[in-house]
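Asker:
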Amino acid sequence: MERNDLEKIRLEKIESMRAAGIEPYPTTADYTHRNQEAIQAFEAAEQIVGSEPLQATLVGRIRAMRPMGKIAFAHIEDGTARIQLFFRINDIGEALMSRLKEDYDLGDYIEASGHLFRTKTGEISLHVNSFRMLAKAVTPLPAAKDEEVDGKIVRHATLNDPEMRYRQRYADLAVNPEVREIFKIRTKTIRALQQFLDERDFIEVETPILQPIYGGAAARPFVTFHNQLKQELYLRISFELYLKRLIVGGFDRVYEIGRDFRNEGVSFKHNPEFTQIEFYMAYANYHSIMELTENMVAYVCDQVLGSRTLQFRGNTLDVTPPWRRMELRQGLIESTGIDINEHLTGESLEAAMKAKGYAFKPTSPRGKLIDSLIGDYLEPSLIQPTFLYDYPRDISPLAKSKPGDPTMTERFEGFMAGMELCNAFTELNDPLDQEQRFLEMGRDYESDDEERHPMDEDYLRAMSYGMPPMGGFGMGVDRLVMLLTNQQTIREVLLFPHLRKLEE
RNA sequence: GGGCGCGUAGCUCAAUGGUAGAGCAGUGGCCUUUUAAGCCAUUGGUUCAGGGUUCGAGCCCCUGCGCGCUCACCA
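Position one of the first sequence corresponds to residue -6 (our numbering), numbered consecutively onward.
Structure below.
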């Protein structure tokens, strides 16, 4: 590994420590408090007049160092808080004082013992009487110094280049506290989703990621190969068909939170792998799922943000139920002037779009044209939480038809901030209709081979055993986290977003 | 995949086609309550890579690589 000059200096320090009989990477670390606990314990002890000084051993990473001759200050940081260390030659002696100056750098991990006190300026600090190296850092962290302003750590000249931040996320996290906050919110979000569903008797399950037949969405899959079985396998593009098999099996309410993989374009809202939540609920339909959805998102906001409003791209979004409900057909009439019910074939709709001067991909099926109208003219205007409902049958192969209208299905999508958030429907449970839909999909997408929905005989068999009426739901968790953290790109809410491989 | 933009010291950023700089970090020194500590001194560069134009290229041109934005794609 190539080392730059700064690293070489630190490597020399490691050698000199070892020469002096000091192990820069000891196997143990001791502490009496985590930093936050120490601060709280000190504040509590302070209230009691005449209490003994609070002894503590603390650990953490050195984030700032201010040697001043015969005294020195440092700030260390663990996973809970930042705290100041105070070193004085009177307490630690000349030898340790010079070791401190010689051996210790920003980024090193240190263990320090002493008593807690307040400095002249009132900052709670550890008055150190002994300390040792816990782990020497060879590479300097990509940040200058930090300071505390109103309780918040402000780090100066810190890692900023997005490419390096994503490629070296460890350094990004180590140096940018606000990035760590995003991922704490992400974890809380997932926990809140689980709590919400668990409280309603859903059970969380795990279904195959490697699948012999992919399905449940229209997307290109990643293909892989099992050597011993000599069998092609696909990374799942959705959980849908497996979760609904479980409903047939008698689990009335199931959900899964996990990774989907789609072999498609990468953008600010698309990563090749992304986290999805899907749930299925027997004896529910899309109306009850709508209610459940708005309550679930409101619950998550309560738990994660402590508020039902959130800021996103300069908009204040209010997720308080009930959300606006808008029939898709009506929404399109208002936003485009086209009534899709008057254009029941792709040709007719294409002509209408052409007449209005709307962009479209020629010879697309009707459903795809409608989809592009939504995406171009309706979706961007849906800022406050909105459900669009009743979607065309030909882009909803797993949704149940609307009674009395063979062209429509009981399906809705939820939108916020001009972005699609979730997709749900009354699930199709008629095995003969389902078989017909698979055949239609195969026909419609013949030209676009990779994206066509493959026939899944086993899924049809499961349905043939008898599938209860039910509602199902899917949501991109990453997009929800983007909304909750006001992040404009999915890469900011993925710990390790996909980046192109670098040539060595 | 198309279009536009970007790539300079460890980090953040400067530099009309004319000697590549600053702050922080680092190194040496002074400094016993500092907090982006301060003061003095100082090291550090294949300007993403490769070609070209030019007396001379970080800057202009071409190719490649990577990233960003955007379009296409995307239930």
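Glycine residues also receive a C-beta, built at the ideal position from the N, C-alpha and C atoms.
Classify Ser260: buried if its beta carbon has 16 or more other beta carbons within 10 angstroms, exposed otherwise.
Answerer: Answer is exposed; the Cβ neighbour count stays below 16.
Asker: Suppose the cutoff is 7 Å on Cβ atoms and the five residues either side in sequence are ignored; what does the same chain contact list for Asn308 look like?
Answerer: Ile376 and Ala410
Asker: Going residue by residue through the segment 97 to 168, where are the continuous alpha helix (DSSP H) segments of at least 4 residues, counting only ones entirely within it?
Answerer: Counting only runs of at least 4 residues, the segment 97 to 168 fully encloses the following alpha helix (DSSP H) elements, listed from N- to C-terminal order: 155 to 160 and 162 to 168.
Asker: Does DSSP classify Phe353 as helix, strand or coil?
Answerer: coil
Asker: On a Cα-Cα basis, can you pick out the residue from Gln33, Ile76, Lys1 and Arg92 that is closest to Glu16?
Answerer: Arg92
Asker: Measure the alpha-carbon distance for Arg359 versus Ser365 and round it to whole angstroms.
Answerer: 10 Å
Asker: Give the straight-line distance between the Cα atoms of Asn220 and Tyr227, rounded to the nearest whole angstrom.
Answerer: Distance between Asn220 and Tyr227, taken at the CA atoms: about 14 Å.
Asker: Can you name the residues that DSSP bridges to Met90?
Answerer: According to DSSP, Met90 bridges with nothing at all.
Asker: Given a cut-off of 8 Å on the beta-carbon distance, is the pair Ile240 and Ile270 in contact?
Answerer: No, the Cβ-Cβ distance between Ile240 and Ile270 is not below 8 Å.
Asker: Between Lys237, Arg213, Ile367 and Tyr279, which lies nearest to Ile333 when the distance is taken from Cα to Cα?
Answerer: Ile367
Asker: Following a CB-centred definition, is Ala74 positioned closer than 7 Å to any heavy atom of the ligand ZN?
Answerer: Of ligands this structure carries none, so the ligand ZN is not represented either.
Asker: Please determine, among Ser44, Leu298, Pro214 and Leu342, the residue with the shortest C-alpha to C-alpha distance to Leu325.
Answerer: Leu342
Asker: Beta-carbon within less than 7 Å of Ile178's beta-carbon, same chain only, minus the 5 sequence neighbours each way: which residues are those?
Answerer: For Ile178, where only same-chain residues beyond five positions count, the Cβ hits under 7 Å are Val297, Val474, Leu477 and Thr478.
Asker: Kindly indicate which residue of Thr419, Glu0, Ile331 and Tyr159 has the alpha-carbon position closest to the one of Asn278.
Answerer: Asn278 has its Cα closest to that of Thr419, out of Thr419, Glu0, Ile331 and Tyr159.
Asker: Is it buried or exposed, Met463, if we count other Cβ atoms within 10 angstroms and call 16 or more buried?
Answerer: buried
Asker: Quick one: what's got a C-beta closer than 8 Å to Asp449's C-beta in the same chain, skipping five residues either side?
Answerer: Ile206, Gly208, Leu234 and Phe431
Asker: By alpha-carbon positions, which one of Gly62, Asp98, Ile32 and Asp84 ends up nearest to Gly115?
Answerer: Ile32
Asker: What residue range does the alpha helix (DSSP H) around Pro399 cover?
Answerer: Bounds of any alpha helix (DSSP H) do not take in Pro399; it lies within the beta strand (DSSP E) bounded by Asp398 to Met409.
Asker: Where does the unbroken alpha helix (DSSP H) through Tyr235 begin, and where does it stop?
Answerer: Here the alpha helix (DSSP H) through Tyr235 covers Glu233 to Val241.
Asker: How should Ile2 be labelled, buried or exposed, when 16 other C-beta atoms within 10 angstroms of its C-beta is the threshold for buried?
Answerer: exposed
Asker: Helix or strand or just coil, what does DSSP make of Leu487?
Answerer: Here Leu487 sits in coil by DSSP.
Asker: In the DSSP assignment, what residue or residues form a beta bridge with Glu225?
Answerer: Phe218
Asker: Does the contact criterion of 3 or more C-beta pairs under 8 Å hold for the segment 105 to 122 versus the segment 63 to 77?
Answerer: yes
Asker: Would Asn264 and Leu495 qualify as a contact pair, given that the criterion is a beta-carbon distance under 8 Å?
Answerer: no
Asker: Under 8 Å by Cβ, that's how I've got Thr379 and Met468 pegged, so tell me the actual separation to the nearest angstrom.
Answerer: 15 Å between Cβ atoms; not a contact.
Asker: Determine whether the beta carbon atoms of Val52 and Glu8 lie at a separation below 8 Å.
Answerer: Going by C-beta atoms, Val52 is not nearer than 8 Å to Glu8.
Asker: With DSSP as the reference, identify every bridge partner of Arg306, one or two as the case may be.
Answerer: For Arg306, which the question treats as bridged, DSSP gives no partner whatsoever.
Asker: Please work out which residues of its chain come closer than 8 Å, Cβ to Cβ, to Lys94, disregarding the five sequence neighbours upstream and downstream, and give them in chain order.
Answerer: Pro60 and Ala65
Asker: Is it buried or exposed, Met401, if we count other Cβ atoms within 10 angstroms and call 16 or more buried?
Answerer: In the assembly as shown, Met401 is a buried residue. Its beta-carbon has 16 or more other beta-carbons within 10 Å.
Asker: Can you look up Asp423 in the DSSP assignment and give me helix, strand or coil?
Answerer: coil
Asker: Quick check on Glu287: buried or exposed, where buried means 16 or more other Cβ atoms within 10 Å of its Cβ?
Answerer: It counts as buried.
Asker: Report the three-state DSSP secondary structure of Gly467 (helix, strand or coil).
Answerer: Gly467 falls in the strand class under three-state DSSP.
Asker: Restricting to Cα atoms, I'd like to know which of Ser374, Glu30 and Pro201 is closest to Ile117.
Answerer: Here the closest residue by C-alpha is Glu30.
Asker: Applying the 10 Å Cβ sphere with the 16-neighbour rule, what's the burial state of Val216?
Answerer: Classification for Val216: exposed.
Asker: At which residues does the alpha helix (DSSP H) containing Gln4 begin and terminate?
Answerer: According to the sequence as given, residue 4 is Leu; it is not Gln. Element bounds for Leu4: Asp(-2) to Ala12.
Asker: Using alpha carbons as the reference points, say which of Ile202, Glu485 and Tyr18 lies closest to Val131.
Answerer: Tyr18
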